[in-house]
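K.L.:
In our numbering, the protein residues as written are 850 to 998.
(1) Whose CA, out of 938, 929, 963, lies closest to the CA of residue 954?
(2) Measure the beta-carbon distance from residue 865 to residue 880 and round it to whole angstroms, keeping in mind my assumption that it falls under 8 Å.
(3) Got a sec, what are the start and stop residues for the beta strand (DSSP E) residue 944 sits in?
(4) Taking only the alpha-carbon atoms, compute the straight-line gap between residue 943 and residue 937 and give it to the nearest angstrom.
(5) Could you give the distance in angstroms between the alpha-carbon of residue 904 and the alpha-carbon of residue 915?
(6) Taking its Cβ as the centre, do 16 or more other Cβ atoms sit within 10 Å of residue 952, making it buried, or is it exposed?
(7) What is the C-beta distance between residue 934 and residue 958, in whole angstroms, given that I count them as a contact (C-beta under 8 Å)?
(8) Residues in the same chain with beta-carbon distance under 7 Å from residue 884, minus the five sequence neighbours each way, listed in chain order, please.
(9) Alpha carbon to alpha carbon, how far is residue 949 from residue 931?
(10) Would you report the Cα separation of residue 853 and residue 911, rounded to the nearest angstrom?
(11) I need the straight-line Cα distance from residue 964 to residue 979, nearest angstrom please.
(12) Can you give me the C-alpha to C-alpha distance between residue 855 and residue 987, rounded to a whole angstrom?
(13) Mapping DSSP to helix, strand and coil, what is residue 915?
(14) Can you grab the Cα-Cα spacing for the pair residue 992 / residue 967, in whole Å?
(15) If we call anything under 9 Å between Cβ atoms a contact, is residue 990 one with residue 975?
Written out as structure tokens, the structure reads:
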């Protein structure tokens, strides 16, 4: 169990990719995601997970003004976006969404499987980092229900 994450300046923290309204406590395994306000970009990790120790790991990043990033970066690093991910049976939601289908550093791809299926053999989410996705998304597999009579 973790206390709600402290607010991050110039950002919105959402929990389990849904609600920006934090409960006071979040269960082990919950994910907090950082979305920066317009004009800001994530510096550090854009997601963190509630551990069994009752702490959020890794440490959630911060949001810095884009002009600070531009003055500190070479122009080659600015083009490092991630392409959309393909999935045969699941639905991939990108946070934040991009109409151009070019996803910036810190964007999270969230895999949702159809009803009656669950994510297996891989991750349920991945983060765009320096032009590539951090992890391979899993596959959708039928949930085996046990019926007892």
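Even for Gly, the Cβ is constructed at its ideal location relative to N, Cα and C. What you are looking at is a predicted structure, and each value in this text was computed from that prediction instead of being measured.
P.N.:
Based on what the coordinates show:
(1) Distances from the alpha-carbon of residue 954 to those of 938, 929, 963 put 929 closest.
(2) 6 Å
(3) 940-944
(4) Residue 943 and residue 937 have their C-alpha atoms roughly 16 Å apart.
(5) 29 Å
(6) Residue 952 comes out buried.
(7) 5 Å
(8) 860, 861, 863, 944, 945.
(9) 11 Å
(10) Straight through space, the alpha carbons of residue 911 and residue 853 are spaced by roughly 16 Å.
(11) 33 Å
(12) Distance between the alpha carbons of residue 855 and residue 987: 31 Å.
(13) It is helical.
(14) So the alpha carbons of these two residues sit roughly 6 Å apart.
(15) no
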